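Let me begin by presenting the structure, written as structure tokens, before commenting on it.
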Amino acid sequence: MSDRKTISVVTPCYNEEEGIRACYEAVKAQFDENLPQYDREHIFCDNASTDRTLDILKEIADRDKSVKIIVNARNFGPMRSHFNGVKAATGDGVLLFMPADLQDPPELLPRFVEQWEAGWEVVYGVRANRIEGFPMKQIRKFYYRLIAGTTYLDMPPDVGDCQFVDKKVMDVIRQFDDHYPFVRCMTFEAGFTKTPLPYTVQERKAGISKNRFFHLIDQGLNGLISFSSTPMRLALYLGMTLATLSILFAFVNVILTLVLSQDVPRGMPLMITALFFFSGVQLFFIGFLGEYILSIHGYVKNRPTVIERERINFDKDDSQ
Numbered sequence: 541m542s543d544r545k546t547i548s549v550v551t552p553c554y555n556e557e558e559g560i561r562a563c564y565e566a567v568k569a570q571f572d573e574n575l576p577q578y579d580r581e582h583i584f585c586d587n588a589s590t591d592r593t594l595d596i597l598k599e600i601a602d603r604d605k606s607v608k609i610i611v612n613a614r615n616f617g618p619m620r621s622h623f624n625g626v627k628a629a630t631g632d633g634v635l636l637f638m639p640a641d642l643q644d645p646p647e648l649l650p651r652f653v654e655q656w657e658a659g660w661e662v663v664y665g666v667r668a669n670r671i672e673g674f675p676m677k678q679i680r681k682f683y684y685r686l687i688a689g690t691t692y693l694d695m696p697p698d699v700g701d702c703q704f705v706d707k708k709v710m711d712v713i714r715q716f717d718d719h720y721p722f723v724r725c726m727t728f729e730a731g732f733t734k735t736p737l738p739y740t741v742q743e744r745k746a747g748i749s750k751n752r753f754f755h756l757i758d759q760g761l762n763g764l765i766s767f768s769s770t771p772m773r774l775a776l777y778l779g780m781t782l783a784t785l786s787i788l789f790a791f792v793n794v795i796l797t798l799v800l801s802q803d804v805p806r807g808m809p810l811m812i813t814a815l816f817f818f819s820g821v822q823l824f825f826i827g828f829l830g831e832y833i834l835s836i837h838g839y840v841k842n843r844p845t846v847i848e849r850e851r852i853n854f855d856k857d858d859s860q
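So the sequence shown is numbered by my numbering: it starts at 541 and just counts up by one.
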């Protein structure tokens, strides 16, 4: 039996025909040049691409059996497709996310492995800087700090999906039965020893992002509700505060009317009180409540994370 360890790399993709071959070659080059002592497993999760992405991947997989492909029956969104690919990884160490556009550079891989071999069970990438426009950079910065500030997990800001984990951590991640998975938080939920690895997010190497606007919003809301009770508790506290202020306002108006005989416009106190009370308690956070209900609904329905059309280069024992 070989003593060589296997490193798995997971790459979700959707309509990435311009850059998918470059992604494969860049990862392979890192193994050939810097990690020759490890076996390679590169899993591509094709989310029902409509261009030539799958054709290119099949061509690559036909001559390189270390490349494995999961083909979804339809587009299940980036989070679910990615998580399904992560659960399929079999390596001793797993790079949870290597984007097809190479914005998280493949040159990080040897640094991840070095920290892993030093004994760390989770090496999480920290996006210290991004090469992109100022407005989008600030939006992302605000969002990452919002996630880190509201979650019950001890997770620093600017942590993304580009993380390297030991197979012990993978055994825990596979136990997550989450219809709306948020992979970057799962490693912190699992525990184990962790160390950061700062890096700069690069510009997209080819093509344009195929993530739909809806998917970006979905990812953002999913991050807020998956590992945080803060939105609902904030709704409770704010609702209680506004309700209390409304009652005090009504009480003051009663005193002014009955005791001090002040001339208060008839019906105005009741209207203002009702407006504050019902807006604050029932409507202000109804959207967040709906998101939590949607999450529960997805879990109760117990549908598969994705429905696969086929798997390529997987052993029969690994197939679903």
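Just so it is clear, CB atoms sit at the ideal spot from N, CA and C, and this is done for glycine as well.
These numbers were taken from a predicted model, which means no experiment stands behind them.
Buried or exposed for ALA628, please, with buried defined as at least 16 other CB atoms from any protein chain shown within 10 angstroms of its CB. Buried, by the Cβ-count rule.
C-alpha distance - ILE847 paired with LEU782, whole-angstrom precision: Cα to Cα, the separation comes out at about 46 Å.
Compute the Euclidean distance between the alpha carbons of PRO844 and SER786, then round it to the nearest angstrom. PRO844 and SER786 have their C-alpha atoms spaced approximately 47 Å apart.
Nearest candidate by alpha-carbon position, reference VAL626, set TYR777, ILE547, PRO738: Out of TYR777, ILE547, PRO738, ILE547 has the C-alpha closest to the C-alpha of VAL626.
Please state whether DSSP places LEU635 in a helix, a strand or coil. Residue state, collapsed to three classes: strand.
Around the C-beta of ASN624, are 16 or more other C-beta atoms found within 10 angstroms, so that it is buried, or is it exposed? So ASN624 counts as buried.
Quick check on DSSP: helix, strand or coil for PHE722? DSSP places PHE722 in coil when its eight states are reduced to three.
May I ask you to report which of helix, strand or coil DSSP gives LEU575? Here LEU575 sits in coil by DSSP.
Going by beta-carbon coordinates alone, are VAL705 and VAL662 separated by less than 8 Å? Cβ atoms of VAL705 and VAL662: closer than 8 Å.
Work out the CA separation of PRO736 and ASP500 for me, nearest whole Å. As displayed, the chain neither begins before 541 nor continues past 860, which places residue 500 out of reach and without an answer.
Test item: CB-CB of ALA668 and TYR739 under 8 Å: ALA668 places its beta carbon less than 8 Å from that of TYR739.
Could you tell me if GLY659 is buried or exposed, where buried requires 16 or more neighbouring beta carbons within 10 angstroms of its beta carbon? By the neighbour-count rule (16 or more Cβ atoms within 10 Å), GLY659 is not buried but exposed.
Assign PRO552 to one of two classes, buried (16 or more other C-beta atoms within 10 Å of its C-beta) or exposed (fewer than that). Buried, because 16 or more other Cβ atoms sit within 10 Å of the Cβ of PRO552.
Give the range of the alpha helix (DSSP H) segment to which GLU599 is assigned. DSSP places GLU599 in the uninterrupted alpha helix (DSSP H) bounded by 593-603.
Beta-carbon separation (whole angstroms), LEU597 vs PHE584, contact threshold 8 Å: With 8 Å as the limit, LEU597 and PHE584 qualify as a contact, their Cβ atoms being about 5 Å apart.
Classify GLN643: buried if its beta carbon has 16 or more other beta carbons within 10 angstroms, exposed otherwise. Buried.
Close beta carbons around PHE732, own chain, < 6 Å, minus the five adjacent residues each side: Hits under 6 Å: GLU661, VAL662, VAL709.
What are the start and end residues of the alpha helix (DSSP H) that includes ASP711? Here the alpha helix (DSSP H) through ASP711 covers 707-713.
Hey, ALA588 and ARG614: beta-carbon distance below 8 Å or not? Yes; because the gap between Cβ atoms is below 8 Å, this pair is in contact.
Quick check: what's the CA-CA separation for PRO645 versus ALA569? If you take the alpha carbons of PRO645 and ALA569, they lie about 12 Å apart.
Report, in whole angstroms, the separation of the C-beta atoms of TYR564 and ILE600, which I expect to be a contact under 8 Å. That belief holds up - the Cβ atoms of TYR564 and ILE600 are roughly 5 Å apart, short of 8 Å.
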